[in-house]
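Colleague: First the structure, then my questions, so here it is.
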Amino acid sequence: MPPRLTPNRLAALRLAAAHPKGSIDARSVTKADELALEELGLADSIDDCGHVQGAPDPGHEHRGHPHFFRITEAGRTEAEKGKA
1 MPPRLTPNRL AALRLAAAHP KGSIDARSVT KADELALEEL GLADSIDDCG HVQGAPDPGH
61 EHRGHPHFFR ITEAGRTEAE KGKA
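Residue numbers (UniProt numbering): 1 to 84.
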């Protein structure tokens with residue numbers, strides 16, 4: 001069964017959307033939540049430059065950058081849905 005956006009996962013996205021760097025607090029999600037958000041394309045391991053860990057890096061510019069679990073643009077869009 002494909003993962004779904006649960007109320008807890010949506011709450012984590014909304015908190016991350018309000019965070020200056022889009023970080024998702026590990027205390028607000030379970031490992032299953034992290035994996036689901038990644039599979040849904042709503043969050044990933046991203047550095048300050050916006051590079052997703054594991055994505056191509058031909059110039060090795062991001063090799064030494066720390067990557068953190070952060071919201072993606074798709075996650076920001078999802079977090080904004082329903083807000084008025």
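Glycine residues also receive a C-beta, built at the ideal position from the N, C-alpha and C atoms. As the structure is a computational prediction, the values presented were derived from the model and not from experiment.
Using 8 angstroms as the threshold, is the C-beta distance between Arg70 and Lys31 below it?
Modeller: For Arg70 and Lys31, no; Cβs fall outside 8 angstroms.
Colleague: Cβ atoms of Arg9 and Val29: under 8 angstroms apart, would you say?
Modeller: In this structure, Arg9 lies closer than 8 angstroms to Val29 by Cβ.
Colleague: I believe Ser45 touches His67 by the beta-carbon criterion, under 8 angstroms. Please report the beta-carbon distance rounded to the nearest angstrom.
Modeller: Confirmed, about 4 angstroms.
Colleague: Considering only residues of the same chain and omitting the five flanking positions on each side of Ala12, which have a CB-CB separation below 6 angstroms?
Modeller: Hits under 6 angstroms: Ile24, Ser28, Val29.
Colleague: Does the distance from the CB of Ala16 to the CB of Gly75 come in under 8 angstroms?
Modeller: In contact: Ala16 and Gly75 (Cβ atoms closer than 8 angstroms).
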